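Shown next, in structure tokens, is the structure this report addresses.
Numbering (this note's numbering), first residue to last: 171 to 457.
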């Protein structure tokens with residue numbers, strides 16, 4: 171059982187949860203300003219993030235298993251390699267989907283998380299089909315992740331405000347940009363299989379420029395959040411560091427050398443998400 175659990179965690183890239191979770195937690199921290207902090211809400215946010223991402227990632231591996239088996243870069247993944255069965259992944263997807271919906275009950279008497287749980291889950295699962303019909307699949311993924319800070323705010327406050335929308339916009343442009351960079355690795359395969367992506371449609375050079383524009387908008391949205399949310403010097407310094415990291419990310423990757431994409435994808439983006447959460451937490455605590 172432990173070995174199977176380890177394989178499932180590897181399958182869903184459990185470690186990549188750090189991309190979206192810090193933004194959900196930062197949104198909750200901002201929402202709790204001037205309001206009572208309920209530990210039940212914190213547990214609910216953690217569980218919802220865990221189960222929603224696990225369900226979406228497992229479903230993605232199910233839907234893409236035949237494509238992954240044909241792509242040299244992904245042939246070693248668990249389903250194509252036969253390390254885990256389709257039945258096991260299907261059951262895992264079903265269980266985590268139901269657990270996500272059940273976790274929203276922790277926010278009662280606020281019923282909005284429960285009402286929105288099924289539409290949100292369907293949108294998350296729907297991303298797995300996006301590259302079959304739209305080059306904007308990168309921004310379907312980023313929209314799925316931008317829902318995390320928006321949903322966390324609704325879970326805490328029971329309403330919506332400009333702050334989580336701006337934080338969601340940060341996630342939207344940030345994730346969309348780095349997913350475009352990541353997709354550059356598969357441009358030839360996607361073109362051969364007629365799979366849609368910005369790199370496969372416009373080429374790597376133009377795709378990297380588009381990713382750079384997307385990350386420029388990330389910085390714009392971060393400064394807007396800092397101003398609108400009335401944050402202080404720690405968050406401002408964090409924005410400056412993040413801006414430098416995004417520049418570094420684009421320096422790591424060029425059309426002739428994609429060998430450092432994984433470094434840019436995981437390590438740099440992990441620093442960005444975790445770093446923004448901590449400077450936001452410090453900012454609110456000091457205030």
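Glycine residues also receive a C-beta, built at the ideal position from the N, C-alpha and C atoms. All figures in this text were calculated on a predicted structure; none of them were measured in a lab.
Going by DSSP, what residue range makes up the alpha helix (DSSP H) through residue 301?
Unbroken run through residue 301: none, as it is neither H nor E.
Can you pull the DSSP bridge partners for residue 427?
424
Would you say residue 332 and residue 381 are within 8 Å of each other, going by their C-beta atoms?
no
Can you tell me which of 324, 338, 400, 452 puts its alpha carbon nearest to the alpha carbon of residue 189?
338
Using 10 angstroms around the beta-carbon of residue 362, count the other beta-carbons present and answer buried if the total reaches 16, otherwise exposed.
exposed
What first and last residue would you give for the alpha helix (DSSP H) that runs through residue 202?
Here residue 202 belongs to no alpha helix (DSSP H), and DSSP marks it neither H nor E.
Please identify the residue among 436, 274, 291 whose C-alpha is closest to the C-alpha of residue 283.
274
Give me, in chain order, the residues of the same chain whose beta-carbon lies closer than 7 Å to that of residue 311; leave out the 5 immediate sequence neighbours on both sides.
297, 345, 349
Contact between the region 368-378 and the region 422-431 (3+ Cβ pairs under 8 Å):
yes
Can we say the region 221-231 touches the region 262-276, given the rule of at least three CB pairs closer than 8 Å?
yes
With three or more C-beta pairs closer than 8 Å as the rule, is the region 247-263 touching the region 301-310?
no
Alpha carbon to alpha carbon, how far is residue 263 from residue 235? Give it in angstroms, no decimals.
14 Å
With distances taken between CB atoms, is the gap from residue 445 to residue 408 smaller than 8 Å?
yes
Which whole runs of the alpha helix (DSSP H) in the region 376-403 are 4 residues long or more, in chain order?
none
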